[in-house]
Amino acid sequence: DNAQAIGATYKGAPTGSFGDTACISFYPTKNLGAIGDAGMIVTGSETIDTRLRSLRAHGSPRRYYHDELGINSRLDEIQAAALVTKLAHLNRWNARRQEIAALYEKLLSGCPGIVTPNAAVTESFTHVWHQYTIRVQTGICEPGLNNPARQALMDGLSARGVGSMCYYPLPLHMQKPFACDYKFGDFPESERAASEVLSLPMYPELEDADVEFVARCVIDVMTEYTTSRTIVSPVVNPVTI
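Under the numbering used here, the first residue of the sequence shown is numbered 2, with each subsequent residue one higher.
So this is what it looks like as structure tokens:
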């Protein structure tokens with residue numbers, strides 16, 4: 002799954018190039034997004050390529066002849082046109098995301114209760130920051146997945162006009178289709194991550210002043226929470242996520 006990493010690299014090679022295939026979603030919210038539902042599978046194998054092209058067209062390797070059951074999964078021309086146009090801007094957009102992540106990292110360093118991801122670009126990898134996700138850790142946790150500090154931060158940011166989102170609040174082993182006989186406590190790291198993660202605004206159009214405002218709001222809310230467990234009156238200055 003390379004949907005959130007298109008343009009990223011590991012040891013100089015693009016992500017999505019290491020296995021037999023990679024799937025890339027072009028849902029509008031992705032780094033490279035269409036204007037509707039769209040996606041792509043990439044492969045270096047001619048055999049797999051031939052099979053996939055058949056499967057996407059009702060299992061038909063050539064018109065009106067069907068070797069197997071397939072699906073109608075052809076990308077329409079409108080989505081393709083939008084993606085080709087946007088593709089020319091992808092590297093610039095990703096570079097801006099990297100700048101924003103580095104600025105967040107600098108501004109949020111030392112913020113009470115906040116653990117930031119490592120925004121440093123190394124020789125081993127480059128990150129394209131589909132999301133900028135922090136972890137809210139205060140040492141004050143309730144049973145289950147409830148994290149009052151994270152909720153307080155989300156509420157405080159919302160009151161100040163700043164969007165935030167917990168995209169994965171429930172780990173897989175607690176989802177009905179995968180629950181089997183698992184119970185809370187079986188995967189403590191997954192559960193801890195699910196209770197702590199929070200994504201801040203991240204898109205190329207953010208100005209440095211926007212990032213600075215978001216970071217200031219995070220620091221203000223967390224400082225208030227860790228000292229008095231209260232939230233001050235908001236200052237409205239909308240920044241969407």
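Ideal placement from N, C-alpha and C gives every residue a C-beta, glycine not left out. Please read all numbers here as calculations on a predicted model, not as lab measurements.
Cross-strand partners of residue i (DSSP beta bridge)
i, result
"T127", "T10"
"R63", "Y66"
"L201", "Y133"
"A23", "V43"
"N73", "A58"
"P15", "T10"
"I115", "V137"
Close beta carbons around residue i, own chain, < 7 Å, minus the five adjacent residues each side
i, result
"P113", "M223, T224, T227"
"A35", "F27, P29, Q80, A83, L84"
"R136", "V116, E197, V198"
"D209", "L104"
"T127", "A9, T10"
"R97", "P205"
"A150", "G114, V137, T139, I141, Y226"
"N148", "V137, C142, S196, E197"
"N60", "The amino acid occupying residue 60 in the given sequence is Gly; Asn does not appear at that position. H67, D68, E69, L70, G71, listed in sequence order."
"G186", "none"
"P144", "Caution is warranted here: a pLDDT of 48 is assigned to P144, below 50, making its placement in the model unreliable, and the coordinate value is therefore given only provisionally. Correct list: empty, nothing qualifies."
"Y169", "A195, V198"
Residues of its chain near residue i, where Cβ-Cβ distance is below 6 Å and the 5 sequence neighbours each way are ignored
i, result
"P118", "none"
"L158", "S165, C218"
"T134", "V198, S200"
"Q5", "H131"
"S245", "The requested residue 245 is not part of the displayed model; the chain covers only 2 to 242."
Whole-Å CB distance - residue i paired with residue j, under 8 Å assumed
i, j, result
"Y204", "S125", "The pair is not a contact, with the Cβ atoms about 26 Å apart (cut-off 8 Å)."
"Q132", "S200", "4 Å"
"L91", "L33", "5 Å"
"C24", "D38", "Wrong, their Cβ atoms sit about 13 Å apart, outside the cutoff."
"L146", "A195", "6 Å"
Other residues of its chain near residue i: CB distance less than 8 Å, five sequence neighbours each side excluded
i, result
"P62", "T51, R54, S55, D68"
"I49", "D21, T22"
Any non-hydrogen atom of the ligand GTP within 6 Å of residue i CB
i, result
"Q80", "Annotation note on the ligand GTP: not contained in the displayed structure, which lists no ligands."
Indicate whether the contact test is met: 3 or more Cβ pairs, each with one atom in the stretch 65-74 and one in the stretch 179-187, closer than 8 Å. Short answer: they don't touch.
Could you say if the stretch 39-48 and the stretch 2-21 meet the contact criterion of at least three C-beta pairs nearer than 8 Å? Output reads yes: the stretch 2-21 touches the stretch 39-48.
Complete alpha helix (DSSP H) runs within the stretch 172-216 (minimum length 4 residues, chain order): 189-197, all fully within the stretch 172-216.
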